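Take the sequence shown: its letter number 83 is residue 340 in our numbering, and every next letter is one higher. Note that CB positions come from ideal geometry on N, CA and C, so glycine has one too. As the structure is a computational prediction, the values presented were derived from the model and not from experiment.
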Amino acid sequence: MSESLHVVCPACDAVNRVPRERLGAAAKCGKCHGPLFLGQPLALDESRFARHLSRSDLPLLVDFWAPWCGPCRMMAPAFEAAAGRLEPNLRLIKVNTEEAQALAARFGIRSIPTLALFRGGAEVARTAGAMDTNGIIAWARQAM
258 MSESLHVVCP ACDAVNRVPR ERLGAAAKCG KCHGPLFLGQ PLALDESRFA RHLSRSDLPL
318 LVDFWAPWCG PCRMMAPAFE AAAGRLEPNL RLIKVNTEEA QALAARFGIR SIPTLALFRG
378 GAEVARTAGA MDTNGIIAWA RQAM
């Protein structure tokens, strides 16, 4: 029997069990029937972030950013491109620190953009500063 992973749906936040070998095979949500992987980052608020962090077996790569931050806006296309290359092994998430100030405080975000990698609900790596697509991918793979 193959190992199954819990994957939180990007649309309805339902938790789905997906066999590891089927992660890249156009997996769909059992509740809303939407794709489980979109190839782009998810913009999450505090409650949705909590659900993904606590229920997903996938590592989460989180971009803590703000709309007024020039380097954040400059890195956004690179982060989006990285999502297309890193999924389904990682879930890429964007957290707007202006809208989710409690999350920024909870994780001690002092500079933006900050990338944090979470596994099993805990932060395992962090880096600050803008990166290009290859830099994001290399850092995420090294940190895993």
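The C-beta distance from VAL264 to LEU293 rounds to 5 Å, short enough to fall under 8 Å. Per the C-alpha coordinates, the member of ASN273, LEU349, ALA335 positioned closest to PHE306 is LEU349. DSSP, reduced to helix, strand and coil, places ARG367 outside both helices and strands of the structure shown, so it counts as coil. Counting only runs of at least 4 residues, the segment 285 to 371 fully encloses the following alpha helix (DSSP H) elements, listed from N- to C-terminal order: 303 to 312, 327 to 343, 358 to 363. ALA373 sits in a strand when the DSSP states are folded into three classes. When ILE366, CYS286, LEU372, ALA282 are compared, the shortest CA-CA separation from ASN273 is found for CYS286. Going by DSSP, ARG274 is part of the beta strand (DSSP E) stretching over 272 to 276.
When DSSP states are grouped into helix, strand and coil, ALA282 belongs to the coil group. Taking 8 Å as the cut-off, the Cβ atoms of ARG342 and ILE394 count as close. In this structure, the alpha-carbon of PRO370 lies about 5 Å from that of GLY386.
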